[in-house]
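Peer 1: Please find one structure pasted underneath; my questions will follow.
There are 2 protein chains.
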Amino acid sequence: MTITAAGVGSTTREAIAASARELFEERGFAATSVRAIAAGAGVDAALVMRHFGSKEQLFVEVVGASRGAGPELDGPLETLGRRLVEHVLDPERDRERRAYAAMVRASDHDGVRESLRQAARASFIDGLCALLPGPDASARAELIAAQIGGLMQAWPTVGVELLDTVGRQRVVELYGAAIQALVDSPTG
Amino acid sequence: MTITAAGVGSTTREAIAASARELFEERGFAATSVRAIAAGAGVDAALVMRHFGSKEQLFVEVVGASRGAGPELDGPLETLGRRLVEHVLDPERDRERRAYAAMVRASDHDGVRESLRQAARASFIDGLCALLPGPDASARAELIAAQIGGLMQAWPTVGVELLDTVGRQRVVELYGAAIQALVDSPTG
DNA sequence: GGGTGAGTGTCAACGGCGTTGACTGCGTCG
DNA sequence: CGACGCAGTCAACGCCGTTGACACTCACCC
Chain G
1 MTITAAGVGS
11 TTREAIAASA
21 RELFEERGFA
31 ATSVRAIAAG
41 AGVDAALVMR
51 HFGSKEQLFV
61 EVVGASRGAG
71 PELDGPLETL
81 GRRLVEHVLD
91 PERDRERRAY
101 AAMVRASDHD
111 GVRESLRQAA
121 RASFIDGLCA
131 LLPGPDASAR
141 AELIAAQIGG
151 LMQAWPTVGV
161 ELLDTVGRQR
171 VVELYGAAIQ
181 ALVDSPTG
Chain V
1 MTITAAGVGS
11 TTREAIAASA
21 RELFEERGFA
31 ATSVRAIAAG
41 AGVDAALVMR
51 HFGSKEQLFV
61 EVVGASRGAG
71 PELDGPLETL
81 GRRLVEHVLD
91 PERDRERRAY
101 AAMVRASDHD
111 GVRESLRQAA
121 RASFIDGLCA
131 LLPGPDASAR
141 AELIAAQIGG
151 LMQAWPTVGV
161 ELLDTVGRQR
171 VVELYGAAIQ
181 ALVDSPTG
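First to last, the protein sequences are chains G and V.
Counting from 1, position 135 in the first sequence corresponds to residue 135 in my numbering; the numbering is continuous, with no gaps.
Counting from 1, position 81 in the second sequence corresponds to residue 81 in my numbering; the numbering is continuous, with no gaps.
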């Protein structure tokens, strides 16, 4: 069949992808079996392999959506730190945050780790690097990415606690200032 | 044999632990099989289970060594950020960094994730929290831990590149300042 | 209209995995 | 001596990801 006209592919392929996305984000990579994904889509496990090649490739394809550099980079440099944190902690971005956490946790597998690194580069580091002033912009962009990654990874565990004790706004303020320290490049 | 004389436990138990530590840190959790660990120690896989309960428990026990709060917290508050980064990037601490990375990657498994969280709390966050001034010291300690975690996670991938381009000292300077921003608690 | 070949799907099986339970030695204690 | 517990092995279980053979449909072409 493969309707290439309007861009939609086969329906069952999408069903598999949807089932996989749901299970992966809910239970993680290791705890999700190909057979469970197939059952969720109402097909045989072998069909999953035929469509996506391997469990790892399926994971990378449905969870590691390479959303391009968002609008969070636009705006004055002086408030970039705050904006980045605000973007990362945006409640509506919960799904993306859990997807990122799922990828980090699954990065025990080489393919996932590599894909994670590439996605971070393409969707964030490169854009950020172009924005930063100074000669070591690239290094600072990497370090900012490390900060953001640390926050995204920690949030599912400590986020609710922090929201209770100090509130989102204070977290944005604090962590935003910490990131801003790298944006502003201390002359040391 | 079971030499109980000098307080040392059974030799084979240690052999299993040593084999496991080596394989886990070299290949990661997922790529290391219980059978391979057992073969490395010259015993049967079932014995590994009898001694350590499960692969996950074995991993937590040998990789997640709960090294207590180190001396990196001692010293003046004004240079705490730099000292933390220096400690984390210490070339001699390579083994610990890889162990941490291995744990993060294996945190797809609930027990590992929980143990990781507890280890971070016990060996770092609590001690740090006691040091920080200000009312929201606990929250800042958590956020600093997130920064440190981000750096440790990113280092195996981007570390060598950063060493080449800007050098360790500049990284310590930059990331140290970013952490210091949370130590010093902007009044916002 | 009947072959042909590609796409879609199922089924049974493979080897490897973590884990378990039954079993064998063996040193120790009563 | 007999009971007991510990170290260790062995064979098996059920699940896993993955594969190859097979069936069906349907467009296409002579």
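Ideal Cβ positions, reconstructed from N, Cα and C, are used throughout, including at glycine.
In this text, all values refer to a predicted model and were calculated from it rather than measured experimentally.
Our contact map puts V/V172 next to V/L89 with C-beta atoms below 8 angstroms; I'd like the distance itself, whole angstroms only.
Peer 2: With 8 angstroms as the limit, V/V172 and V/L89 qualify as a contact, their Cβ atoms being about 7 angstroms apart.
Peer 1: For V/A178, would you say it is in contact with chain G, using Cβ-to-Cβ distances shorter than 8 angstroms as the test?
Peer 2: So, interface residue.
Peer 1: Under 8 angstroms by Cβ, that's how I've got G/Q147 and V/A120 pegged, so tell me the actual separation to the nearest angstrom.
Peer 2: Not a contact, Cβ separation roughly 17 angstroms.
Peer 1: Is it a yes or a no for the stretch 120-135 of chain G touching the stretch 99-111 of chain V, going by three-plus beta-carbon pairs under 8 angstroms?
Peer 2: Flag = no, the stretch 120-135 of chain G and the stretch 99-111 of chain V do not touch.
Peer 1: At a Cβ threshold of 8 angstroms, is G/T157 touching chain V?
Peer 2: So yes, G/T157 belongs to the interface.
Peer 1: Would you say the beta carbon of V/A38 comes nearer than 7 angstroms to a heavy atom of the ligand ADP?
Peer 2: The model on display carries no ligand, and the ligand ADP is accordingly not part of it.
Peer 1: Jot down the residue ranges of each uninterrupted alpha helix (DSSP H) in the stretch 19-107 of chain V, minimum 4 residues, whole runs only, in chain order.
Peer 2: Counting whole runs of 4 or more residues, the stretch 19-107 of chain V contains the alpha helix (DSSP H) stretches 34-41, 45-52, 55-63, 80-89, 94-105.
Peer 1: Could you check whether the stretch 134-147 of chain G touches the stretch 91-100 of chain G, counting it as contact only if at least three pairs of C-beta atoms, one from each stretch, sit closer than 8 angstroms?
Peer 2: Taking 8 angstroms as the limit for Cβ pairs, the verdict is that the stretch 91-100 of chain G does not touch the stretch 134-147 of chain G.
Peer 1: Please report whether the beta-carbon of V/R170 lies at a distance below 8 angstroms from any beta-carbon of chain G.
Peer 2: Closer than 8 angstroms: yes.
Peer 1: Using 8 angstroms as the threshold, is the C-beta distance between V/L47 and V/A36 below it?
Peer 2: In this structure, V/A36 does not lie closer than 8 angstroms to V/L47 by Cβ.
Peer 1: Is there a C-beta anywhere in chain G that falls below 8 angstroms from the one on V/E142?
Peer 2: Yes - at least one Cβ of chain G is within 8 angstroms of the one on V/E142.
Peer 1: DSSP three-state call for G/P135: helix, strand or coil?
Peer 2: The answer is coil: DSSP assigns G/P135 none of H, G, I, E or B.
Peer 1: Taking just the CA atoms, how far does G/M152 sit from G/T32?
Peer 2: Approximately 22 angstroms, taken between the alpha carbons.
Peer 1: Looking only at its chain, what residues have a beta carbon closer than 7 angstroms to the beta carbon of V/L73, apart from the 5 residues adjacent to it on each side?
Peer 2: The answer, listed in chain order, is G127, L128, L131.
Peer 1: The alpha helix (DSSP H) that contains V/D184, what's its start and end?
Peer 2: Where V/D184 is concerned, there is no enclosing alpha helix (DSSP H), given that its DSSP letter is neither H nor E.
Peer 1: Use the C-beta contact count for G/A54: other C-beta atoms within 10 angstroms, 16 or more gives buried, fewer gives exposed.
Peer 2: With the sequence shown as reference, residue 54 of chain G is identified as Ser, and Ala is not the correct amino acid for it. Exposed, because fewer than 16 other Cβ atoms sit within 10 Å of the Cβ of G/S54.
Peer 1: How many whole angstroms separate the CB atoms of V/G28 and V/A102, which I take to be in contact at a CB cut-off of 8 angstroms?
Peer 2: Their Cβ separation, rounded to whole angstroms, is 6 angstroms, which keeps V/G28 and V/A102 in contact under 8 angstroms.
Peer 1: Would you mind giving the Cβ-Cβ distance between V/V104 and G/V104, rounded to the nearest angstrom? I have them listed as a contact below 8 angstroms.
Peer 2: Right, the Cβ-Cβ distance comes to about 7 angstroms (below 8 angstroms), so this counts as a contact.
Peer 1: Taking 8 angstroms as the threshold (beta carbon to beta carbon), is V/V43 in contact with chain G?
Peer 2: Not closer than 8 angstroms to any Cβ of chain G, the Cβ of V/V43 fails to qualify, so no.
Peer 1: Write down the C-beta distance between G/G150 and V/G150 rounded to the nearest angstrom, noting that I regard them as a contact closer than 8 angstroms.
Peer 2: Contact holds; Cβ gap of about 2 angstroms.
Peer 1: Whose C-beta lies closer than 7 angstroms to the C-beta of V/A17 among residues of the same chain, with five residues either side of it excluded?
Peer 2: Excluding positions up to five away in sequence, the list reads V62.
Peer 1: Report the option in V/T79, V/L58, V/S107 whose CA atom is closest to the CA atom of V/V34.
Peer 2: Answer by Cα proximity: V/L58.
Peer 1: Quick one: what does DSSP say V/V166 is sitting in, helix, strand or coil?
Peer 2: Correct three-state label for V/V166: coil.
Peer 1: Pull out every residue of the stretch 114-147 of chain G whose Cβ sits closer than 8 angstroms to any Cβ of chain V, in chain order.
Peer 2: Listed by position along the chain: R117, D136, S138, A139, R140, E142, L143, A145, A146, Q147.
Peer 1: Just by C-beta distance, which residues in the stretch 23-36 of chain V are closer than 8 angstroms to chain G?
Peer 2: So the list reads G28, F29, A30, A31, given in the order they occur along the chain.
Peer 1: Counting along the chain, where does the alpha helix (DSSP H) carrying G/S115 start and finish?
Peer 2: Segment 110-120, the alpha helix (DSSP H) holding G/S115.
Peer 1: What's the gap between the Cα of V/S19 and the Cα of V/T12?
Peer 2: If I take the Cα positions, the gap works out to 10 angstroms.
Peer 1: Using a beta-carbon distance below 8 angstroms, is V/D108 in contact with chain G?
Peer 2: Yes, its Cβ sits closer than 8 angstroms to a Cβ of chain G.
Peer 1: I'd like to know whether the C-beta of V/Y175 is nearer than 8 angstroms to at least one C-beta of chain G.
Peer 2: It does; some Cβ of chain G falls within 8 angstroms.
Peer 1: For G/G134, is the classification buried or exposed, using 16 other Cβ atoms within 10 angstroms of its Cβ as the cut-off for buried?
Peer 2: Counting Cβ neighbours within 10 Å, G/G134 comes out exposed, since fewer than 16 surround it.
Peer 1: Drop a sphere of 10 angstroms on the beta-carbon of G/V85, count the other beta-carbons inside from all chains shown, and report buried for 16 or more, exposed for fewer.
Peer 2: That one is buried.
Peer 1: Quick check on the burial criterion: 16 or more other C-beta atoms within 10 angstroms. Buried or exposed for G/V160?
Peer 2: When all chains shown are included, G/V160 counts as exposed.
Peer 1: Only counting the same chain, and skipping five residues up and downstream in sequence, which positions put a Cβ closer than 8 angstroms to that of V/L23?
Peer 2: Result list for V/L23: T32, A36, I37, G40, in chain order.
Peer 1: Can you say whether G/R21 is buried or exposed, counting buried as having 16 or more other CB atoms within 10 angstroms of its CB?
Peer 2: So G/R21 ends up on the buried side.
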